[in-house]
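Mapping to numbering that gives the first Met the number 0: the sequence shown position 194 is 193, numbers consecutive. A virtual CB, placed ideally from N, CA and C, is assigned to each residue, including glycine. Okay, so here's the structure we're looking at.
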Amino acid sequence: MAIFGRRKDNPEARMSIGDHLREFRNRAIVAGVAILLCCIIGWHYYQNIYDFIEQPFRDYQHAHPEAHVEVAFNAVTAPFNLKLKVVAWAGLILAAPVWLWQIWAFLVPGLTPREKRVGRIFVASAIVLFACGVYMGSLTFGNAVEMFISATPRGAANFADGGMYFSFVTRFILSFGLTFMLPILLLALNAVGVLKGRIMLKGWRFAVIIAVAFAAIMTPTPDVYTMFLMAVPLIVLFFGSAGLALALDAWRARKEKHERPAWMDVSDDQASAL
0 MAIFGRRKDN
10 PEARMSIGDH
20 LREFRNRAIV
30 AGVAILLCCI
40 IGWHYYQNIY
50 DFIEQPFRDY
60 QHAHPEAHVE
70 VAFNAVTAPF
80 NLKLKVVAWA
90 GLILAAPVWL
100 WQIWAFLVPG
110 LTPREKRVGR
120 IFVASAIVLF
130 ACGVYMGSLT
140 FGNAVEMFIS
150 ATPRGAANFA
160 DGGMYFSFVT
170 RFILSFGLTF
180 MLPILLLALN
190 AVGVLKGRIM
200 LKGWRFAVII
210 AVAFAAIMTP
220 TPDVYTMFLM
230 AVPLIVLFFG
240 SAGLALALDA
250 WRARKEKHER
260 PAWMDVSDDQ
270 ASAL
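Here's what the structure looks like:
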């Protein structure tokens, strides 16, 4: 019996509950092994990852030698706990293609061909947009950290707790990734008929204001360039999703008109042929 997939004598992939549980177990094992191997890689390159995260403190200290800012640990086990967190996140991120594929492969047999096509497009687009958002967040988090550090009063020291600092960086970068997935949510609402494309375009002013305000909050830096570095992609993604929503609305309208019976278009005062 095949470990994954359909049997040749079972093209519809009909499976018993026991078969489903066995397939779930096997795919969970594959995903777990992939995450474990990637955690080992993250363990090996932990110092490089830590240096990247701590770089804003070093840059600020280099630019302001009189300041006393650095990442510190307030417990004996704190450095080891931070290392475990970093390694775990590295494993999840690096192994994401594997465990996401295992989840998709487990769910896809129960979908219709149309749902499979739409699902592939949405999943692939979500992964790409999330990766772009994470990349953008990794470029801008340093400026945000330096801005917060600059609020340290003269003569005071800023010893940031390593665990709390890593949690802040993680939330900051992930928020960028999730924000860049907003077009997927808008298109999903359009696909189920909740949000029309013309309504999205009608509210473009509010969308621009929200994008700029969100960018200002997430990139609290003195320079306007960093804020627009996030706001402009969000605005472009909004208009792009609105354009796609309009195209989908037009396609559905043409399809409904083509499938509409001819007798339904006859006016009420037209005489019958009989």
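The stretch 144-152 makes no contact with the stretch 194-206: fewer than 3 CB pairs, one atom from each, lie closer than 8 Å. Exposed is the label assigned to residue 166, since fewer than 16 other Cβ atoms lie within 10 Å of its Cβ. Per DSSP, reduced to three states, the secondary structure at residue 67 is strand.
Counting only runs that start and end inside the stretch 154-235, the beta strand (DSSP E) elements of at least 3 residues fall at 156-160.
When secondary structure is reduced to three states using DSSP, residue 138 falls in the helix class. Straight across, the Cα-Cα distance linking residue 21 with residue 110 is about 20 Å. In this structure, residue 196 and residue 241 form a Cβ contact; the two beta carbons are roughly 6 Å apart against a cut-off of 8 Å. Going by DSSP, residue 97 is part of the alpha helix (DSSP H) stretching over 95-106. Non-local beta-carbon contacts of residue 115 in its own chain, meaning distances under 7 Å to residues more than five positions away in sequence, involve 107 in chain order. The continuous alpha helix (DSSP H) containing residue 32 extends over residues 16-43. Between residue 234 and residue 215, the C-beta gap is not smaller than 8 Å, which leaves the two residues out of contact.
Its chain contains no residue whose beta carbon lies nearer than 8 Å to that of residue 193 once the 5 sequence neighbours on both sides are disregarded. Taken through DSSP and simplified to helix, strand or coil, residue 240 comes out as helix. Ranked by how close their Cα comes to the Cα of residue 123, the residues 138, 95 and 112 have 95 in first place. A straight line joining the alpha-carbon of residue 253 with that of residue 113 spans about 18 Å. The Cβ-Cβ distance between residue 177 and residue 132 falls below 8 Å. A Cβ-Cβ distance of about 15 Å is found for the pair residue 56 and residue 65, leaving them out of contact under the 8 Å criterion.
Inclusion of residue 175 and residue 136 in the CB contact set at 8 Å is warranted, their separation being smaller than that value. Separation of the CB atoms of residue 52 and residue 90 is rounded to 16 Å, and the pair is thereby denied contact status at 8 Å.
The alpha-carbon of residue 247 is positioned some 8 Å away from that of residue 190.
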